[in-house]
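Right, one structure below, let's go through it.
There are 2 protein chains.
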Amino acid sequence: MNKQKTIFDPIKRTRTFEDVSDKIKQLIFDDVLKPGEKLPSEAQLAQQFGVGRQTVREALRLLEISGFITIHRGGSGGPIIKDTILNRISDLFLDAFRIKKVTLAELTVARLEIEKVVLNYVIDNVEESDIISLQKNVAEARKKIDNKIVATEENIQFHTLLAQASRNHVFFIVVESIMAIVGDFLSRIGPDVKTSDNVVSYHEDIVKAIAEKKRTKAINLLEQHLLEVRNRLKPFVNQKKESNSK
Amino acid sequence: MNKQKTIFDPIKRTRTFEDVSDKIKQLIFDDVLKPGEKLPSEAQLAQQFGVGRQTVREALRLLEISGFITIHRGGSGGPIIKDTILNRISDLFLDAFRIKKVTLAELTVARLEIEKVVLNYVIDNVEESDIISLQKNVAEARKKIDNKIVATEENIQFHTLLAQASRNHVFFIVVESIMAIVGDFLSRIGPDVKTSDNVVSYHEDIVKAIAEKKRTKAINLLEQHLLEVRNRLKPFVNQKKESNSK
DNA sequence: TCACATTTGTCCGTATGTATC
DNA sequence: AGATACATACGGACAAATGTG
């Protein structure tokens with residue numbers, strides 16, 4: 001996978017379970033194995049690859065942690081192809097926050113800049129179906145607000161829909177990863193209805209500006225919106241956060 | 001680690017190796033275990049935690065892939081606390097790009113936009129050490145060119161160094177992931193010395209503009225440079241790309 | 001250079017927990 | 001409830017790698 005990542009890693013010690021994992025990964029990349037499909041059981045895989053069960057176990061563990069498969073126990077259980085990579089990325093980002101490798105300030109800056117770029121691209125490439133999706137999203141959010149319910153889920157989805165409308169997978173993957181982290185923060189903070197209402201208002205205006213192809217207006221709205229979000233999150237930046245045991 | 005991540009994930013039965021992994025993670029978060037320190041061997045950990053060696057192995061595997069430790073074999077080997085989490089995130093982004101079948105066209109567009117934003121931040125946040133790293137990079141590249149050797153590796157590294165100079169880890173991770181794929185393409189295309197020379201020239205000018213804090217000049221140079229790269233890659237945009245074997 | 005000790009990597013056999021039918 | 005199929009976990013054993021004397 002990642003050879004010569006650094007020049008300092010000289011010898012390529014190839015561990016069998018990594019070979020097995022890479023082989024299965026390759027089958028997924030090549031669409032031979034598709035999401036939803038079941039992999040053979042550990043015992044069968046061990047036999048087919050001609051390795052021990054322990055080796056297969058560690059290969060599957062690697063794939064599970066890397067977000068390629070999920071594993072279920074019990075009858076008719078076993079490994080299933082399922083893409084959870086973006087969740088894994090946000091998990092690792094959260095770990096990175098904990099060991100102070102990445103700060104919330106860095107994240108919000110990156111988010112602001114990348115979303116601005118994305119929005120600019122959306123104006124040029126947006127299709128009718130995207131606008132409908134966005135309008136549907138804000139309509140549902142507004143409905144919740146009217147019933148005094150916070151619309152956190154919809155408000156996060158708004159930004160991933162926006163990234164989707166850029167018709168660029170790189171933008172989509174990056175934005176969705178970032179929003180997964182933002183969502184995690186928000187779930188801990190627990191926004192109130194008034195805040196949620198404010199967010200939805202911005203989203204409504206942004207959708208309108210996109211539909212009318214008003215580029216600078218849309219970008220200004222987004223910037224103002226995200227700056228407000230950043231200010232709301234600011235108090236939590238340096239907050240001592242003990243991990244979630246339960 | 002990740003309880004109630006999504007509402008749809010019903011009950012997270014706790015697996016023993018996850019408990020072991022979480023315990024060690026917590027010790028790292030709490031600075032009880034610091035980078036560089038050695039963990040006990042698998043056998044010792046198994047005894048101390050009162051679990052089997054296989055369970056410890058899977059826990060260590062999880063920590064390894066999550067970027068908390070590295071593992072070495074042989075005498076005086078074993079697990080060592082080492083933070084490689086950002087590399088792990090980059091690897092996952094790389095996987096995400098592959099699994100989502102990101103096209104070269106999407107990649108070059110996103111790269112152009114994101115690097116422009118990054119460079120803007122570089123101008124504001126660059127430190128002396130960054131400029132020295134960049135100068136060293138182009139000097140080595142120039143040396144290779146003078147000897148009629150292509151400097152692909154240095155030319156890719158240039159852009160990750162640039163992202164590093166933005167002093168924003170999120171930018172760095174994203175750019176590093178993108179450049180990994182770009183490098184993958186270039187290694188297959190095999191640029192000639194003349195092309196490589198052209199690239200190095202741009203890099204030299206960009207470094208100079210950064211050192212002189214000439215913002216618009218630097219950004220214009222980068223844009224022109226990346227547009228030329230895009231044009232060179234254009235013939236390969238629709239080429240069937242089988243992913244990386246090794 | 002040559003053992004030697006340590007530690008991970010791999011395999012086997014077995015037992016238990018867990019989910020499905 | 002019982003049978004089945006699967007992951008999870010334990011213990012023992014040997015092979016391979018690697019630093020040390």
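In order, the protein sequence lines correspond to chains R and Y. Position one of the first sequence corresponds to residue 1 (the working numbering), numbered consecutively onward. Position one of the second sequence corresponds to residue 1 (the working numbering), numbered consecutively onward. Here a beta-carbon is modelled for each residue, glycine too, at the ideal position from N, C-alpha and C. In this text, all values refer to a predicted model and were calculated from it rather than measured experimentally.
Next item on the list: Could you list which residues in chain R have their beta carbon closer than 8 Å to that of residue 83/Y, in chain order?
Entry: Counting from one through the second sequence, the residue named residue 83/Y turns up at place 83. Close to residue 83/Y, with beta-carbon spacing below 8 Å, are these residues of chain R in chain order: 99 and 101.
Notebook entry, point to check: Cα-Cα, which of 145/R, 36/R and 227/R is closest to residue 70/R?
Noted result: Start at 1 with the first residue of the first sequence, and residue 70/R comes out as number 70. The shortest C-alpha separation from residue 70/R is found at 36/R.
Checklist line | Limits of the beta strand (DSSP E) - the one that residue 70/Y falls within | finding: Within the second sequence, the letter at position 70 stands for residue 70/Y. Its beta strand (DSSP E) spans residues 69-72.
Next item on the list: Just mark residue 224/Y as buried or exposed, buried being the case when its beta carbon has 16 or more other beta carbons within 10 Å.
Entry: Counting from one through the second sequence, the residue named residue 224/Y turns up at place 224. With fewer than 16 Cβ atoms within 10 Å of its Cβ, residue 224/Y is classed as exposed.
Check: Is the CB of residue 95/Y under 8 Å away from at least one CB in chain R?
Finding: On the second sequence, position 95 is the one that residue 95/Y refers to. Interface flag for residue 95/Y against chain R is set, since a Cβ pair is found closer than 8 Å.
Margin query: Would residue 240/Y pass as an interface residue toward chain R - the criterion being a Cβ-Cβ separation below 8 Å?
Written below: For the purposes of this step, residue 240/Y is identified with residue 240 of the second sequence, where counting begins at 1. Because residue 240/Y sits at a pLDDT of 44, beneath the cut-off of 50, its placement in the model cannot be relied upon, and the following sentence gives the value as read from the coordinates. Using a CB distance cut-off of 8 Å, residue 240/Y does not count as an interface residue toward chain R.
Next item on the list: Using a Cβ cut-off of 8 Å, pull out every chain Y residue sitting near residue 104/R, in sequence order please.
Entry: As a position in the first sequence, residue 104/R is number 104, starting the count at 1. Result: empty, since nearest Cβ-Cβ is about 11 Å, beyond 8 Å.
Next item on the list: For residue 219/R, return the contacting residues in chain Y, with the cut-off set at a CB-CB distance below 8 Å.
Entry: Counting from one through the first sequence, the residue named residue 219/R turns up at place 219. Against chain Y, the beta carbon of residue 219/R has no neighbour under 8 Å; the closest one sits roughly 13 Å away.
Item checked: residue 3/R to residue 180/Y span [Cα, whole Å] -> Taking the first sequence and counting its residues from 1, one reaches residue 3/R at position 3. Taking the second sequence and counting its residues from 1, one reaches residue 180/Y at position 180. Note that residue 3/R scores 34 on pLDDT, short of 50, meaning its location in the model is unreliable; the coordinates nonetheless yield the value given after this. Near 11 Å, if we compare the C-alpha coordinates of residue 180/Y and residue 3/R.
Notebook entry, point to check: What residues of chain R sit near residue 171/Y, judged by a beta carbon separation below 7 Å?
Noted result: Residue mapping note: residue 171/Y aligns to position 171 of the second sequence, counting from 1. Using a Cβ-Cβ cut-off of 7 Å, residue 171/Y is close to 110 of chain R, given in chain order.
Next item on the list: Compare the C-alpha of residue 164/Y against each of 50/Y, 152/Y and 129/Y and name the closest.
Entry: Taking the first residue of the second sequence as 1, we reach residue 164/Y at position 164. Ranking the options by Cα distance to residue 164/Y, first place goes to 129/Y.
Item checked: Residue burial classification, residue 14/R (beta-carbon count within 10 angstroms, cutoff 16) -> Walking along the first sequence from the start, residue 14/R turns up at place 14. With fewer than 16 other CB atoms across the displayed protein chains lying within 10 angstroms of its CB, residue 14/R is exposed.
Check: residue 150/Y to residue 193/Y, Cα distance in whole Å?
Finding: As a working mapping, residue 150/Y is identified with position 150 in the second sequence. As a working mapping, residue 193/Y is identified with position 193 in the second sequence. Each residue's Cα considered, the two are about 5 Å apart.
Notebook entry, point to check: Does the pairing of the segment 31-46 of chain Y with the segment 81-89 of chain Y give three or more beta-carbon distances under 8 Å?
Noted result: Verdict: yes, contact present.
Notebook entry, point to check: Does the Cβ of residue 227/R have 16 or more other Cβ atoms within 10 Å, making it buried, or fewer, making it exposed?
Noted result: Numbered from 1 along the first sequence, position 227 holds the residue referred to as residue 227/R. With fewer than 16 other Cβ atoms within 10 Å, it is exposed.
Notebook entry, point to check: What's the call for residue 216/Y, buried or exposed, on a 16-neighbour Cβ count within 10 Å?
Noted result: In the second sequence, the residue the question calls residue 216/Y occupies position 216. Residue burial is scored here from C-beta neighbours: residue 216/Y has fewer than 16 other C-beta atoms within 10 angstroms and is therefore classed as exposed.
Checklist line | Cutoff 7 Å; reference residue 119/Y; Cβ partners in own chain excluding five residues on either side | finding: Taking the second sequence and counting its residues from 1, one reaches residue 119/Y at position 119. Contacts found: 162, 218, 219 and 222.
Next item on the list: Buried or exposed for residue 247/Y, please, with buried defined as at least 16 other CB atoms from any protein chain shown within 10 angstroms of its CB.
Entry: Residue 247/Y cannot be examined here, being either before or after the span of chain Y that is shown, 1 to 246.
Check: Which value, in whole angstroms, describes the spacing of the CA atoms of residue 117/Y and residue 95/Y?
Finding: One-based indexing of the second sequence puts residue 117/Y at position 117. One-based indexing of the second sequence puts residue 95/Y at position 95. Computed Cα separation, rounded: 24 Å.
Margin query: Short of 8 Å in beta carbon distance, which residues of its chain neighbour residue 53/Y, apart from the five on each side in sequence? Order them along the chain.
Written below: Here residue 53/Y corresponds to residue number 53 of the second sequence, with the count starting at 1. A distance below 8 Å between beta-carbons, with the five flanking residues on each side excluded, links residue 53/Y to the following residues of its chain, in chain order: 42, 43 and 46.
Notebook entry, point to check: To the nearest angstrom, how far is it from the Cα of residue 167/R to the Cα of residue 160/Y?
Noted result: As a position in the first sequence, residue 167/R is number 167, starting the count at 1. As a position in the second sequence, residue 160/Y is number 160, starting the count at 1. CA-CA distance, residue 167/R to residue 160/Y, rounds to 25 Å.
Check: Between residue 126/R and chain Y, is there a C-beta pair that is closer than 8 Å?
Finding: In the first sequence, counting from the first residue as 1, residue 126/R sits at position 126. Judged by the 8 Å Cβ criterion, residue 126/R is not in contact with chain Y.
Note to self: At a CB distance below 8 Å, what residues from the segment 29-63 of chain Y approach chain R? Give them in sequence order.
What the structure shows: The residues in question are 29, 54, 57, 58, 61 and 62.
Notebook entry, point to check: For a contact meaning CB atoms closer than 9 Å, what does residue 117/Y contact in chain R?
Noted result: On the second sequence, residue 117/Y is found 117 positions in, with the first residue counted as 1. Under the 9 Å cutoff, chain R gives 110, 113, 114, 116 and 117.
Check: From which residue to which residue does the beta strand (DSSP E) around residue 99/R run?
Finding: For the purposes of this step, residue 99/R is identified with residue 99 of the first sequence, where counting begins at 1. Bounds of any beta strand (DSSP E) do not take in residue 99/R, whose DSSP letter is neither H nor E.
Notebook entry, point to check: Would you say the segment 14-29 of chain R touches the segment 50-66 of chain R, given that touching needs at least three Cβ pairs under 8 Å?
Noted result: Taking a cut-off of 8 Å on C-beta distances, the segment 14-29 of chain R touches the segment 50-66 of chain R, as three or more cross pairs fall below it.
Next item on the list: Identify the contact partners of residue 89/R in chain Y, using a Cβ-Cβ distance below 8 Å as the criterion.
Entry: Locating residue 89/R in the first sequence gives position 89, where the first residue counts as 1. Under the 8 Å cutoff, chain Y gives 89, 92, 93 and 96.
Note to self: Taking the beta carbon of residue 98/Y as the centre, do at least 16 other beta carbons fall within 10 Å, making it buried, or is it exposed?
What the structure shows: Reading the second sequence from its first residue, position 98 is the one you call residue 98/Y. Classification for residue 98/Y: buried.
Notebook entry, point to check: Do you know how far the Cα of residue 17/R is from the Cα of residue 109/Y?
Noted result: Residue 109/Y sits at position 109 when you count from the first residue of the second sequence. Residue 17/R sits at position 17 when you count from the first residue of the first sequence. Using only the alpha carbons, I get a separation of about 37 Å.
Notebook entry, point to check: Using 8 Å as the limit for Cβ to Cβ distance, is residue 11/R near chain Y?
Noted result: Position 11 of the first sequence, counted from the first residue, corresponds to residue 11/R. Bear in mind that a pLDDT of 38 at residue 11/R, under 50, signals an unreliable position, so the number given afterwards is only what the model happens to contain. No, residue 11/R lies away from the interface with chain Y (no Cβ there is under 8 Å from its Cβ).
Margin query: Is it buried or exposed, residue 157/Y, if we count other Cβ atoms within 10 angstroms and call 16 or more buried?
Written below: Along the second sequence, one-based indexing puts residue 157/Y at 157. It counts as buried.
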